[in-house]
Structure formats: structure tokens, C-alpha cells
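Take a look at the structure below.
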Ligand code: UDP
């Protein structure tokens, strides 16, 4: 059963449950995809039906941001907890390394995915990186073909939201991968180009605030956060 926050249906799962489900999906016939919406993406979905369909069409919808947790609680339907996309990805890579599964990294500026691949191979000995590709391409065909040819079991799709969600919904089956996961700026972090917020910010659910301090140009995008809470409050009144 999913818990809906402003139209987006989230799986009500702890991190452990989400990882177990990810492992199950990567071992199940067919192509599946997972998304990790934060309040900003929920707001985008309110205005973009195609984005909403792509997000709700996912096999796994994980609550990435603390704002989603607050929103669900305000609506009287609390979620078990936050499942940040990057933590989910790391836990899954540890499991993939153990079981010999292979991973394709798609997205970010040229060179970033290669650097991320080098770092991840070191961090998760045994993890097979089947291939990489930057996220600035014109045609989908050669990209889906590259993933298919690589034989990857899993693909991290890091094109930013809602592009990556739409891309996975449309192109997922053509890649032949069992599981695709939309992970936004994760390759920038795995490559070492972008630092994650210090642990204290992570624990307090203030990663968004750290990002704002580091990249003030994101302030416009981040105005979606208070807007999200206003909309949740409106929904509650209804
Ligand atoms: N990106 C991409 N192709 C595009 C647009 C963006 O590969 O056409 C990449 C961009 O380089 C960055 C990521 O997508 O690595 C989006 O990062 P951001 O932090 O904006 O994503 P969020 O996690 O906030 O969705």
C-alpha cells in the first residue's frame, strides 16, 4: 500500500525494507524502476502530469526528503522513515558487490561517471561497473543500446528530475536492465565533485539547508519547499 502526499504515492518502507525490495526487483524478470522524490519533485508533479505519471508508475517510490516525512505526518498518514536516494544506492551497491551484479552509470557531465566508477570500484570491491555514459545526449536509442550491450543488471539514471523519471518510464524496457534508479546528482557526489553535507546536517534533516548555503543559485528551486508545506497544510484542511 502506498501513502499519498499531494498525489505522489510513496512506499511505506524503512531503509532495510527498501533495500530488500531493490534486491528482489533486480532478481525479478522484466524491467523495473525506482524513484526517490523530495518535496521539490512532488511540487513539480503537481504541475506536470507526465512527471506525476512517471513517478507514480515506478515500482518503488522512496521518500528522499525530510519534507516528505513531515508532509505525510501532517496529513495523518506517517511514513516509516526517510530513505535518501544516495543511502539506498550505497546499500544496494554493497549487496550487488556480494552477489556479482553489474551496474551502469548514466548521467552528469562528461568525465564525471568515469570518475565515479573508479571511486565506486575501490569502495565496493567486487562491484562490476558494466559501463558509463554522460547525461548530455540528444537521442535515446544509442544510450539504451549501450546499456543493453553492457548487460548491466542495474542502471543509475542521474539526469535530474523530472527528466530521469520520464526517461526511465519511456526507455527502461529498451535497456534490458532489471532495475533502473533515478538518483539526481548522485554521480557528482560519487565522483567527489560535490561534497555531501556534514553528518550533523544529514542527521538533522538539514541537507537542503547545507545545499542552499553552498549553492545560493538554487534558492529559486528551493522556494518549492515552503510551497510544498503550504500545499500540504491546504490538503489537511480539506
Ligand atoms: N544532468 C544530466 N543531463 C541533463 C541535465 C542534468 O546528466 O540533461 C545531470 C547534472 O549534470 C547533474 C544531475 O543531472 O549531475 C542533476 O543534479 P541535481 O543536483 O540538479 O539533481 P537533483 O538531485 O536535485 O534532482
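Numbering (my numbering), first residue to last: 117 to 354.
We put the beta carbon where it would ideally sit given N, CA and C, even for glycine.
These figures come from a predicted structure and were not determined experimentally.
- No heavy atom of the ligand UDP is found nearer than 8 Å to the CB of residue 255.
- Residue 248 has 221 as its beta-bridge partners, per DSSP.
- In this structure, residue 290 has its CB at a distance of at least 8 Å from all heavy atoms of the ligand UDP.
- For the ligand UDP, no non-hydrogen atom lies closer than 8 Å to the CB of residue 261.
- For the options 130, 255, 294, 246, the alpha carbon positioned closest to that of residue 147 is the one of 294.
- DSSP, reduced to helix, strand and coil, places residue 149 within a strand of the structure shown.
- Runs of the alpha helix (DSSP H) lying entirely within the region 237-291 and spanning at least 4 residues, in chain order: 257-266, 279-291.
- Annotation for residue 197: 130 place their beta carbon closer than 6 Å to its own, counting only its chain and skipping 5 residues before and after.
- Two segments are said to touch when three or more pairs of C-beta atoms, one from each, lie closer than 8 Å; by this definition the region 267-284 touches the region 203-214.
- When distances are taken from the beta-carbon of residue 224 to the heavy atoms of the ligand UDP, the shortest one is below 8 Å.
- Per DSSP, the unbroken beta strand (DSSP E) holding residue 295 starts and ends at 295-298.
- Beta-bridge analysis with DSSP links residue 176 to 150.
- Residue 158 carries a helical assignment under DSSP once its states are collapsed to helix, strand and coil.
- Bridge pairing for residue 331: absent [DSSP].
- For residue 346, the enclosing alpha helix (DSSP H) covers residues 340-353.
- If you look at residue 118, you'll find it in the beta strand (DSSP E) that goes 118-121.
- With respect to the C-alpha of residue 312, the residue from 339, 331, 297, 296 having the closest C-alpha is 331.
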